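Sequences listed follow chains Y and L, in order. Residue 72 in my numbering is what sits at position 72 of the first sequence, and the numbering runs on without skipping anything. Residue 53 in my numbering is what sits at position 53 of the second sequence, and the numbering runs on without skipping anything. Here the structure is laid out as structure tokens; the discussion comes afterwards.
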Amino acid sequence: MDIVVTKPLLARSPRVSSRWNRILRQFTRNRLAVAGTIILVFLGVIAVFGPFLVADPRAQDVPNRFERPSWEHWFGTDELGRDILARTVNGARISLASALAAVAVALTIGTTIGLIAGYLEGKAGLWLMALIDLLLAIPAILLAITLAARLGPGLTSAMIAAGLVGLPAYARLARGAALQVKRQEFVTAAQVTGLTRAGIIRTHIFPNILTPVIIQATIGVGNAILLVSALGYLGVGAQPPTPEWGRMLSDAQKFILTEPYIAIFPGVAIALTVIGFNLAGDGLRDAFDPVVKR
Amino acid sequence: MARYMLQRILIAIPVLIGVSIVVFLMLHSAGGDPAQQILGPRADAESVARLQEEMGLNRPLAVQYADFAKGAIQGDLGRSYRSNATVTSEVLTRFPATIELALAAMLIGTTIGLIAGIIAGVRRDSFFDYSSTLGALIGISIPTFWLGMILIIVFGVELRWLPISGRVNPRLGADPSAPFLVINSALHGNWTVFRDSLEHLILPALTLAGWPAAIVARMTRAAMIETMDREYIRTARAKGLTESLVVKRHALRNAFIPVVTVVGLELGGLLGGAVVTETVFSWPGVGKLAADAILARDYQVVQGVVLLLAAIFIVLNLLVDLIYSWLDPRIRYA
Numbered sequence: 001m002d003i004v005v006t007k008p009l010l011a012r013s014p015r016v017s018s019r020w021n022r023i024l025r026q027f028t029r030n031r032l033a034v035a036g037t038i039i040l041v042f043l044g045v046i047a048v049f050g051p052f053l054v055a056d057p058r059a060q061d062v063p064n065r066f067e068r069p070s071w072e073h074w075f076g077t078d079e080l081g082r083d084i085l086a087r088t089v090n091g092a093r094i095s096l097a098s099a100l101a102a103v104a105v106a107l108t109i110g111t112t113i114g115l116i117a118g119y120l121e122g123k124a125g126l127w128l129m130a131l132i133d134l135l136l137a138i139p140a141i142l143l144a145i146t147l148a149a150r151l152g153p154g155l156t157s158a159m160i161a162a163g164l165v166g167l168p169a170y171a172r173l174a175r176g177a178a179l180q181v182k183r184q185e186f187v188t189a190a191q192v193t194g195l196t197r198a199g200i201i202r203t204h205i206f207p208n209i210l211t212p213v214i215i216q217a218t219i220g221v222g223n224a225i226l227l228v229s230a231l232g233y234l235g236v237g238a239q240p241p242t243p244e245w246g247r248m249l250s251d252a253q254k255f256i257l258t259e260p261y262i263a264i265f266p267g268v269a270i271a272l273t274v275i276g277f278n279l280a281g282d283g284l285r286d287a288f289d290p291v292v293k294r
Numbered sequence: 001m002a003r004y005m006l007q008r009i010l011i012a013i014p015v016l017i018g019v020s021i022v023v024f025l026m027l028h029s030a031g032g033d034p035a036q037q038i039l040g041p042r043a044d045a046e047s048v049a050r051l052q053e054e055m056g057l058n059r060p061l062a063v064q065y066a067d068f069a070k071g072a073i074q075g076d077l078g079r080s081y082r083s084n085a086t087v088t089s090e091v092l093t094r095f096p097a098t099i100e101l102a103l104a105a106m107l108i109g110t111t112i113g114l115i116a117g118i119i120a121g122v123r124r125d126s127f128f129d130y131s132s133t134l135g136a137l138i139g140i141s142i143p144t145f146w147l148g149m150i151l152i153i154v155f156g157v158e159l160r161w162l163p164i165s166g167r168v169n170p171r172l173g174a175d176p177s178a179p180f181l182v183i184n185s186a187l188h189g190n191w192t193v194f195r196d197s198l199e200h201l202i203l204p205a206l207t208l209a210g211w212p213a214a215i216v217a218r219m220t221r222a223a224m225i226e227t228m229d230r231e232y233i234r235t236a237r238a239k240g241l242t243e244s245l246v247v248k249r250h251a252l253r254n255a256f257i258p259v260v261t262v263v264g265l266e267l268g269g270l271l272g273g274a275v276v277t278e279t280v281f282s283w284p285g286v287g288k289l290a291a292d293a294i295l296a297r298d299y300q301v302v303q304g305v306v307l308l309l310a311a312i313f314i315v316l317n318l319l320v321d322l323i324y325s326w327l328d329p330r331i332r333y334a
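Here's what the structure looks like:
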């Protein structure tokens, strides 16, 4: 009970607010991190509002196929005469949503497993982590394509596969942090007051591991976008006519000898998005942990 | 050292068994019946049942696994549903092509990464540092398959300098599954095949090298910066050594330790990345084999490739551990 009362006090204490100010200052002073954030905000706006502003990404216009970029079709048209701008913009929504979903899955399950393993320690904890380490012993992309193929090719399978591949990172992070935090005095104090294990994990250990998990998640979204698009490219992810970036590139490769421009814009979109997440993630890490910063 | 090595090897065995169980379960239990998937949705119940019987799928999972494990130990990984060849032979014929590609990529990636990382770390905040940091950021952010497509467009389609698919021109009569085609043809003085296979290797190797080059550059830069701030470097400078001697004699060796880990681990990652790169360039290796097998639902082959690559990954991790402990004796006693 004690601790629940101190929580709001903590939030208002000047020391805490100055810590957040310092972190925010660190972050905004880092030009690359700001650039990354601007890219992400831009992409977010496109993902949310873009699809309302562009043409139907599935509307075919075969007589006007393979049109070079023009005023009418800014990015040109593909092999079925579909507007590549419309498909790329709609792809932003699909890629961001599926990557966020994959990270949400990885983060929730991974953090829970890691917290439990860290808090329990002993044999149960070791077994849990051994299971997690097994996932790391298989090359990520191979694990993901096998799983996606077995679940049946599709965007949902790709999301689940990308989530599973990302999961060990959160589990390890959460376990390490839980092991560290649980030895601190306030956790012992909470145990003495009679708080249950689940209660201690929730109210004391979880808030303390939030920072590294958020940083990992930011970079994780970028990696999930790369993985989901690779699965789309290999044919086990999003299926046509879904305008998913990886799938679009796989279709574009069939015409690469004669119409190479179709392969440009979806690729730029993937690269830009992942750069945005990597820059923002690096910036967050430096801001939260100035010691590591170089 | 012997004790530590033994310990590490003993840990690797249960990991390998665990991986085989995970892969087995993933392909045999998740998401429906393999027999149904192989025959397609329109197959009637009777043929599905017959195939199940034939594949032994109606036995308990534990029995199926035991059977599979027994075969795997003897090198029998079952047969491909498509070609009816043994999985072991399918994998072994394509494996040399993947090794050649992965080693070429590692060589290119590590060389570029080390040079860029060392210069960037020594000349911190210079123009070179910024450009190589930006290059590394792009390297870890662009999808491998798109990098491959861009290289195809630039060097294959626009400039027409290099071939864009396969391992060697079929008209030359060379075996596309031969081990180390490039080096071998040079050793035998077959310069036409040498030149052709080298040209075929360049674009896929560059594609696969992008990611490790970026990682090694980042890692080396960070390690160099950390080392250059150390006191013994200051001492070396105070002794009056020239800056290049300080870097060569004192900094490089210590900065090298974390880089070894990354190189070792990335080589494992490369084997996975090969699936994508080999698909882009129709490179006849295990990656392309796995990708094709997955699309054709040839699960025995998929299982074989995943197990093989996971086993190599585990062995590589083990080697990295051992090299690491040899470079830095403190690790053994930790």
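A virtual CB, placed ideally from N, CA and C, is assigned to each residue, including glycine. All values reported here derive from a predicted model rather than from experimental measurement.
On the CB-based measure, 16 or more other CB atoms within 10 Å of its CB, does residue i come out buried or exposed?
| i | result |
| --- | --- |
| Ile-84 of chain Y | buried |
| Tyr-130 of chain L | exposed |
| His-200 of chain L | buried |
| Val-63 of chain L | exposed |
| Thr-235 of chain L | exposed |
| Pro-163 of chain L | buried |
| Asp-2 of chain Y | Legend: pLDDT at Asp-2 of chain Y = 44, less than 50; position of this residue unreliable, no value from coordinates given. |
| Ser-165 of chain L | exposed |
| Arg-167 of chain L | buried |
| Lys-293 of chain Y | Reliability of the predicted coordinates at Lys-293 of chain Y is poor, the pLDDT of 41 falling under 50, and the value obtained from them is presented with this limitation in mind. Exposed, since its Cβ has fewer than 16 Cβ neighbours within 10 Å. |
| Gly-122 of chain Y | exposed |
| Lys-254 of chain Y | exposed |
| Asn-58 of chain L | exposed |
| Pro-204 of chain L | buried |
| Asn-84 of chain L | exposed |
| Asn-223 of chain Y | buried |
| Phe-277 of chain Y | buried |
| Val-193 of chain L | buried |
| Leu-319 of chain L | exposed |
| Gly-287 of chain L | buried |
| Val-48 of chain Y | exposed |
| Ser-336 of chain L | Coverage of chain L is limited to positions 1 through 334, which leaves residue 336 of chain L absent and any answer about it impossible. |
| Phe-95 of chain L | buried |
| Leu-187 of chain L | exposed |
With distance defined between alpha-carbon atoms, name the residue in the options nearest to residue i.
| i | options | result |
| --- | --- | --- |
| Ile-256 of chain Y | L:Leu-267, L:Ala-296, L:Gly-173, L:Gly-148 | L:Gly-148 |
| Tyr-81 of chain L | L:Glu-90, L:Val-23, L:Ile-73 | L:Glu-90 |
| Val-41 of chain Y | Y:Arg-285, Y:Asp-286, Y:Ala-280, Y:Leu-284 | Y:Ala-280 |
| Val-105 of chain Y | Y:Pro-57, Y:Ala-117, Y:Val-221 | Y:Val-221 |
| Pro-212 of chain Y | Y:Leu-173, Y:Arg-87, Y:Ser-250, Y:His-73 | Y:Leu-173 |
| Ala-101 of chain Y | Y:Ala-190, Y:Gly-163, Y:Pro-153, Y:Ala-189 | Y:Gly-163 |
| Asn-90 of chain Y | Y:Phe-66, Y:Ala-224, Y:Ala-117, Y:Ile-46 | Y:Ile-46 |
| Val-276 of chain L | Y:Ile-145, Y:Pro-63, Y:Met-159, Y:Leu-120 | Y:Ile-145 |
| Leu-53 of chain Y | Y:Gly-125, Y:Thr-88, Y:Asp-282 | Y:Thr-88 |
| Gly-117 of chain L | L:Phe-256, L:Ile-183, L:Ile-73 | L:Phe-256 |
| Gly-121 of chain L | L:Val-263, L:Asp-229, L:Gly-273 | L:Asp-229 |
| Leu-322 of chain L | L:Trp-283, L:Glu-278, L:Thr-261 | L:Thr-261 |
| Arg-195 of chain L | L:Ile-183, L:Pro-204, L:Leu-206, L:Ala-205 | L:Ile-183 |
| Ala-222 of chain L | L:Tyr-4, L:Ala-291, L:Arg-171, L:Thr-133 | L:Thr-133 |
| Val-306 of chain L | L:Ala-186, L:Leu-289, L:Ser-197 | L:Leu-289 |
| Phe-145 of chain L | Y:Trp-127, Y:Ile-201, Y:Gly-235, Y:His-73 | Y:Gly-235 |
| Pro-284 of chain L | L:Val-246, L:Pro-170, L:Ala-238 | L:Pro-170 |
| Ile-262 of chain Y | Y:Ala-148, Y:Leu-249, Y:Tyr-233, Y:Gly-194 | Y:Leu-249 |
| Ile-116 of chain Y | Y:Ala-217, Y:Gly-154, Y:Arg-202 | Y:Arg-202 |
| Arg-320 of chain Y | Y:Arg-68, Y:Trp-74, Y:Glu-79 | Since the first and last residues shown for chain Y are 1 and 294, residue 320 of chain Y lies out of range. |
| Leu-210 of chain Y | Y:Thr-112, Y:Leu-155, Y:Val-192, Y:Gly-199 | Y:Thr-112 |
Quick one: does residue i have its CB under 9 Å from some CB of chain A?
| i | result |
| --- | --- |
| Ile-257 of chain L | Chain labels in this structure do not include chain A; the protein chains are Y and L. |
At least three beta-carbon pairs within less than 8 Å, the segment 300–319 of chain L to the segment 133–152 of chain Y: yes
Length at least 4, wholly inside the segment 39–97 of chain L: the alpha helix (DSSP H) runs in chain order: 45–55, 61–73
The segment 217–249 of chain Y: positions lying closer than 8 Å to chain L by Cβ: Gly-222, Leu-226, Ser-229, Ala-230, Tyr-233, Leu-234, Gly-235, Val-236, Gly-246, Leu-249
Residues of the segment 265–280 of chain L whose Cβ lies closer than 7 Å to any Cβ of chain Y, in chain order: Listed by position, the residues of the segment 265–280 of chain L near chain Y (Cβ gap below 7 Å) are Gly-268, Gly-269, Leu-271, Gly-272, Gly-273, Val-275, Val-276, Thr-279.
Contact between the segment 9–24 of chain L and the segment 179–193 of chain L (3+ Cβ pairs under 8 Å): no
Cβ-based contacts, 8 Å cut-off: residues of the segment 129–144 of chain L near chain Y: Residues Leu-137, Ile-138, Ile-140, Ser-141, Ile-142, Pro-143, Thr-144.
Inter-stretch contact at 8 Å, needing at least 3 Cβ pairs: the segment 57–68 of chain Y / the segment 24–40 of chain Y: no
Near-chain Y residues of the segment 303–332 of chain L - C-beta to any C-beta below 7 Å: Val-306, Leu-309, Ala-310, Phe-313, Ile-314
Contact residues within the segment 176–193 of chain Y, judged by C-beta distance below 9 Å to chain L: none
In chain order, each alpha helix (DSSP H) run of at least 4 residues that lies wholly inside the segment 37–79 of chain Y: none
Chain L contacts from the segment 77–96 of chain Y (Cβ-Cβ distance under 7 Å): none
Against chain L: residues of the segment 275–288 of chain Y by CB proximity under 8 Å: Ile-275, Asn-278, Leu-279
Chain Y contacts made by the segment 97–130 of chain L, where a contact means CB separation under 9 Å: Arg-124
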